[in-house]
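Using this note's numbering, you'd call the opening residue of the sequence shown number 85 and step up by one each time. We put the beta carbon where it would ideally sit given N, CA and C, even for glycine. All remarks here apply to the structure that follows.
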Amino acid sequence: MDYRPALRKDIELKKKDDGVLAIGDPLLGRAIDAGPVTRALVERLDGTRTLESLLDEVARERSAERSTVEHTFRNLVLMNVVEGAGTKVLEKARSLQETDRKTRPVFLEETRFQCQGSGQCCQIYDLGPLDEEDVKRLNGLGIEKVYPELGPGPYVDERETKGQKELFLKSSADGGRCMFLLPDGRCGIHAAFGSEAKPAMCRLFPWTHMTTIEGLVIFDRAQCSTFATSARAGPTLESELPAVFKILPRRIALYHPIVILDAKTRCDYGHVLELRRALLEIAGRVEGTAGTTLRSLGATGRAFTSALATCPLSPGEPDATIASVLARREPPASSAPTRDELLAIATVAGAFGAIPPNSPLTRQGTEVFRMIEALARHRADPGRTTCPEWILRVAAMPIDDPEIDQVLRLSFRKYFFGDNLLIEDDKLVPALLRLGLVYLVTLMGAKLRATAERADRVRPNDLSFPHMIGLVALRKESYQKILVEHEKHAWDTLSAAPSLVELAAPV
Ligand code: SF4
């Protein structure tokens, strides 16, 4: 076909002070630095050359492999820089520009919350970032008059996250207990000065938010230590929206990163939102156990990343490829794990189990990861490795309550809906690996709890605490680095995790 690709009309090419060419996308609010091959391509994307002659010309000029130039062009298509690529995404972005974001709340309809008073939320979660108004308000309260032991401040710490300096409430060194948390579990700010005096994130809890091209996304991170109960009781998020809107900041920047799919492939976040839609739908289906669902999620994630990495270079792409891959129902991987899959789990769990714990939370996480490693190694090579008898006993604890599958599917849906879909704001595959590990830690931790309490089977509430440990620990920066290093084990982990923990009988 005589395809003559051109740059999208509203894309702006700007030479920076250091000579690097930036590809500015005013609609999606970002600029991408162009490497030499990318630059040679975009500077020729004027619609006059056929694709073949464009690729040949750039390969010749840059002395680059033809396949490298081809894949670089594919990345431009996947990032919606080429005219006609990502039409659906761009339409959504344009429509968002024209509306008040607060009139477009997007939330999971089943979302609800009822505090069970565990008191964990002010002890282990990220206590920030705070905005300037929060800090000003805290400083003006006269805290030292009511709590002389806390002194005159400052009550916040500066930390660097994602390369930016942000402010967090001060916390204890051993596990992040907020300095204002009273010994009886109440908030000291709320108790002395009323609810309105608290930082906005505390008043909003458990809700948090981000703006995507789909609207103002309001979600909770499912990190409550009583998740199995609190996330299935109480008022719906929908009924809480008027109160939530009063606390939200006036301006919320658009979240729309470039996503890394593999070492060579980048794509626009809008395409990942299409994957998210498919994953949410799969996670909501009741078919088999939650483990069956997990395997289907893994199979779909894998099909999506590999389809985009080899996406045809023709008009209408990548939209056509995405629509086709997500319309297919990927059969879940076989339920019988292979030795390699089990060893992949053992490797990843071993890496987490080797991290020296620095808080009560990570201590418990480490213990569960070590159990998972021992069990996975043993199941991979039953004749050659041994596993402590007590771990085999824990692993044999039956999980057969259908309510447990409901809780896990709710967890999967919340995982994809919120900001867990990417790690470090740009990596998809390690985030899918993390889902598999959260599942493993949740079920293995629940078995441990049920065993310790001499129950005869795992109960839904046994899931809550280890579920929190998995989600909170695996969002920590040092843990995320390990997820990125081990992303090649994502598909094996998602495929084999269910058979490792759903089986009741020890081998
Ligand atoms: S300020 Fe109060 S509500 Fe916020 S984290 Fe500290 S104790 Fe919890």
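- Ser495 sits buried, since 16 or more C-beta atoms from the chains shown fall within 10 Å of its C-beta.
- Asp403: member of the alpha helix (DSSP H) spanning Asp403 to Ala411, first to last residue.
- Closest option to Glu414, judged by alpha-carbon separation, among Thr377, Ala430, Thr526 and Lys100: Thr377.
- For His274, the distance from the CB to the nearest heavy atom of the ligand SF4 is below 8 Å.
- In the same chain as Asp465, and ignoring 5 residues on each side of it, the C-beta atoms closer than 8 Å to its own belong to Arg423, in chain order.
- Contact between the region 491-506 and the region 312-321 is present: 3 or more CB-CB pairs across the two stretches fall below 8 Å.
- In the structure shown, Phe252 adopts extended strand secondary structure according to DSSP, grouped into three states.
- Burial check for Phe252: the Cβ neighbour count within 10 Å reaches 16 or more, so the residue is buried.
- For Leu105, the pairing in a beta bridge is given by DSSP as Lys99 and Ala118.
- Rounded to whole angstroms, the separation of the alpha carbons of Gly269 and Ala387 is 47 Å.
- Per DSSP, the unbroken beta strand (DSSP E) holding Thr295 starts and ends at Trp291 to Thr296.
- Less than 9 Å divides the Cβ of Pro283 from the Cβ of Gly212.
- Spatial neighbours of Asn159 in its own chain (CB-CB distance under 7 Å, excluding positions within 5 residues in sequence) are listed in chain order as Thr349 and Arg350.
- The three-state reading of DSSP puts Arg477 in helix, counting H, G and I together.
- Contact between the region 259-278 and the region 225-240 is present: 3 or more CB-CB pairs across the two stretches fall below 8 Å.
- For Val219, the enclosing alpha helix (DSSP H) has its first and last residue at Glu216 to Asn223.
- Cys206 and Cys286 have their alpha carbons spaced roughly 9 Å apart.
- Within a 10 Å sphere around the beta-carbon of Trp291 sit 16 or more other beta-carbons, which makes this residue buried.
- Check the Cα spacing between Leu174 and each of Lys93, Arg543 and Ile302: the tightest is with Lys93.
- Taking one beta carbon from each stretch, the region 560-574 and the region 496-509 have 3 or more pairs nearer than 8 Å; the two touch.
- Val478 sits buried, since 16 or more C-beta atoms from the chains shown fall within 10 Å of its C-beta.
- At least one heavy atom of the ligand SF4 sits closer than 8 Å to the Cβ of Lys282.
- Residue range Ala574 to Glu586 is occupied by the alpha helix (DSSP H) that includes Thr577.
- Comparing alpha carbon positions, the residue from Gly260, Leu517 and Val230 closest to Phe277 is Val230.
- Taking every protein chain shown into account, the CB of Phe329 has fewer than 16 other CB atoms within 10 angstroms, so this residue is exposed.
- The ligand SF4 has no heavy atom closer than 8 Å to the beta-carbon of Leu251.
- Gly272 counts as buried, since no fewer than 16 other beta carbons sit within 10 angstroms of its beta carbon.
- Taken atom to atom, the span from the alpha-carbon of Glu451 to that of Leu445 is near 10 Å.
- The beta carbon of Leu265 sits closer than 8 Å to at least one heavy atom of the ligand SF4.
- Secondary structure note for Glu451: its alpha helix (DSSP H) is the uninterrupted segment Pro444 to Ala464.
- Counted as a single uninterrupted DSSP element, the beta strand (DSSP E) harbouring Gly299 occupies residues Gly299 to Asp304.
- For the pair Met528 and Phe157, the Cα-to-Cα distance works out to about 45 Å.
- Rounded to whole angstroms, Thr389 and Pro402 show a C-alpha spacing of 12 Å.
- In the three-state reduction of the DSSP assignment, Thr313 falls in the helix class, which pools H, G and I.
- Ser380 is the residue among His340, Ser380, Ile297 and Gln448 whose C-alpha sits nearest the C-alpha of Leu519.
- Rounded to the nearest angstrom, the gap between the Cα atoms of Arg369 and Gln490 is 10 Å.
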